Amino acid sequence: MTKKTLHKQDLCGPFRIVRFAYRGRTTETFEALHDADGYEAAVTILTEEAGEDERETWRFQAETELFGELDHLNILRLRGSGEREDLPWRAMEVAAAGSLRLRLHPGRGPLKSAVALCFLRQIADAIEVLHAAGLVHGEIAPECFLLSDIDEVKLASLGGAPLVRRGEPKRAGPPRFEARRYGAPELLRGGAPNELTDVYSVGAIMREMLEGPFATQAPRWMPQFLRGIIEKAMNWHPAARYSSMAALSQALNEAWSELLCTVRRNDEMAETMTSLSTVFHQELARGEGGDVAAEMDQLETLLNDLAQAVNSSEDG
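So that you can map any letter, position 137 of the sequence shown is 183 in this note's numbering, and since no number is skipped, the others follow by simple counting.
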C-alpha cells in the first residue's frame, strides 16, 4: 500500500487533518477542520512521487492560484494553501454529496430531464467563467464536478486551464483517460483544446445524463428540444456547434423554460383525464344501448391517448 502523505491530527497551515478521503493520480485528499474556526475543508496535497516532478508541481500550484482568482458559485472555493515538507497543498470548500460521476452510475439509469438540466446549466455556467477569463478546460468529464448537499454543481478540476494561463494553448495529444469518452473528435486526434471542444464535452455529458452511459441503436426517447441541443453541441464539425459556451448556456436555459411549460401542460392533461374519467363512469353507470357504448369507447380511447402523452413527457 502506498504510504500516505498526511496523517490524522497533522496540520496544513490552520487545517487539522481528520481522516484520509481518497487518492487521485498525483494527489491525496483528506477531510480536515479549520483549527480555530472549526469549519470543514478538503485538503489536497501533492504525493511525494508527483512532488519530484517539476511539471506536476507547477501545474498543481498554478491550478491552486487559479482557484483563488475564480469567484463563482459553481466553482469550488479556495480556503487556503501552502507547503508542508516541500509538498504544495490547498484547502477547498467541502462538496458533501461527492462526485457527479456517482449520479451517472450505470445501475441508476438515465436522469430525469429536470434533474439533468439543473446540473447542466450549472456546468455550463462554470465553464463559461473559464472562457470569459480567456481559458479553456480541455478535459471536461463528470469526474471534474462535485455536488453539494443541495445539488449545487462545483467545478473541482480546472483541466488544462493552467497550461493556457502559462501560454501553452497548443497542447497536443488526447485528454486524460477519464475525459476521453467526452472529448471532441479533433481533440482525440491530437488537436488543441478550445472553447468549441469544451462545448462538445458538455454535450457529451448531457447525452449520457439523458440516455445513460452506453450508446444504443435505439436511443431513449426525449423531447426534440433536448435532443436538438445534444446534436448541435456534439456536431463533428466544430463550426456547426454552438459558437460559445454562453450560447450553449442560453440554449439550456431556454430548454428549462420549455420543460416547465411541458410540466404545466402535463398538469392540465392530468386534470382533463380526471374529469373525463368521472364522466366515463357516470355515463357507464346510467347508460344503456349502443350509442352510449360507442361514446364510452371514444372516451376510453381519449383517456388512453392522454395517459400515453403524459407518461411520454414525464419519461423525457
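We treat Cβ as the ideally placed atom computed from N, Cα and C, and that holds for glycine. Since the structure is predicted, the reported quantities are computational estimates derived from the model, not experimental observations.
Pairwise C-alpha distance: residue j and residue i
i	j	result
G114	D56	24 Å
T93	M252	33 Å
G362	G128	Because the pLDDT of G362 is 48, which lies under 50, any placement of that residue in the model is unreliable, and the question is left without a value.
L79	L122	17 Å
A250	I276	7 Å
S369	L176	In the structure as shown, the chain begins at 47 and stops at 362. Residue 369 is therefore absent and cannot be evaluated.
L298	E98	43 Å
A142	R65	15 Å
N240	G180	10 Å
G274	L150	21 Å
T243	T51	36 Å
T103	L166	31 Å
Sequence-distant residues of the same chain with beta carbon closer than 6 Å to residue i, five excluded per side
i	result
L157	M255
G205	H183, G184 and E185
R130	C58
A292	E174
F76	L52, I63, F66, A67 and V89
Residue i, DSSP secondary structure in three states
i	result
A137	strand
A78	strand
I196	coil
S290	coil
E129	strand
G97	helix
A187	coil
S145	strand
R65	strand
V182	coil
L306	helix
Close beta carbons around residue i, own chain, < 7 Å, minus the five adjacent residues each side
i	result
Y246	A230, A279, M280 and R287
M47	In this prediction, M47 has a pLDDT of 41, which is less than 50 and means its spatial position is unreliable; what the coordinates show is noted afterwards. Result list for M47: empty, nothing under 7 Å.
L305	S159, A160 and L163
Supposed close pair residue i, residue j - CB separation, criterion 8 Å
i	j	result
R163	W302	Position check: residue 163 holds Leu in this sequence, whereas Arg was assumed. With a Cβ gap of about 5 Å, L163 and W302 count as contacting.
P188	S145	7 Å
R125	E109	So it is not a contact: roughly 15 Å between Cβ atoms.
N120	K200	6 Å
Residue-chain proximity (residue i, chain B), Cβ-Cβ < 8 Å
i	result
E100	Here there is only one protein chain, and chain B is not present.
Cβ-based burial, residue i [other Cβ within 10 Å; buried from 16]
i	result
I63	buried
Y68	exposed
E257	buried
V172	This sequence places Ala at residue 172; Val is not what is there. A172 should be labelled buried.
R101	exposed
R226	exposed
W282	exposed
E300	exposed
Neighbourhood of residue i by C-beta distance below 8 Å, restricted to the same chain and skipping five residues each side
i	result
F61	A78, L79, H80, D81, A87, V89, R125, G126 and A137
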